[in-house]
Every structure is written in structure tokens, then in C-alpha cells.
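Structure, as C-alpha cells:
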Amino acid sequence: MEIPAFIILIVYGVIVFLFCILAFFNIYHAIRFGIFDTAVKFVTLIFILVSLGIFFITGLFLAESHWRDAKFFIDIPTFSADTSKNVRN
């Protein structure tokens with residue numbers, strides 16, 4: 326069975342969107358309700374920079390792909406009762 330490659334891109338986009346929403350709420354609550362001192366600012370900055378770096382690197386890899394191709398295949402094995410093919414001589 327063939328799965329078009331853009332389906333995987335859509336799933337990745339949904340995951341990135343959910344990550345961005347959860348990261349926004351996490352950062353908002355750290356700023357609004359947490360103790361926002363120098364250490365928390367530094368950790369928040371590192372979190373944002375690493376996240377942006379990962380998004381940038383995956384964007385570079387995704388830009389090189391042809392998303393209309395059917396690249397991904399799921400090989401569904403078929404099991405038959407004929408065992409003569411599996412007998413070793």
C-alpha cells in the first residue's frame with residue numbers, strides 16, 4: 326500500500342503546531358506565575374533557541390523533498406498455507 330509523502334508532512338505540521346501552542350503556554354506561565362529571575366530567563370532563552378534551531382534544520386531537510394511523490398510504502402506481508410516455498414533443500 327502506498328502512502329503519499331505529503332500525508333507525513335501534514336502529520337509533522339500538526340505536531341509542530343501543537344508543540345508551538347504548548348511551548349507558548351509553558352513560557353507564558355513561567356513568566357506570569359513563576360519566579361522569572363536570571364536563571365529562568367536563561368533556560369527559557371535556551372529552550373527557544375534550541376526549538377528554533379530544530380525547526381530551521383528540519384525545514385532545510387523538508388525543503389529538499391518532492392512532496393507529490395509516493396515515497397513511503399507499507400509492506401503488508403501475506404501469509405499463505407503453502408509451505409513448499411519455505412522448505413530448504
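Residue numbering for the sequence shown follows the working numbering, starting at 326 and increasing by one per position.
Note that CB positions come from ideal geometry on N, CA and C, so glycine has one too.
Here the structure is a predicted model, which means the values were calculated and not measured.
Scanning its chain for C-beta atoms nearer than 8 Å, with the 5 sequence neighbours on each side dropped, one finds around S376 the residues F344 and A348, in chain order. Just so you know, the alpha carbons of I382 and I352 end up roughly 22 Å apart. It is roughly 11 Å from the alpha-carbon of I371 to the alpha-carbon of A364.
Across the structure, T369 and H354 are spaced so that their CA atoms are roughly 11 Å apart.
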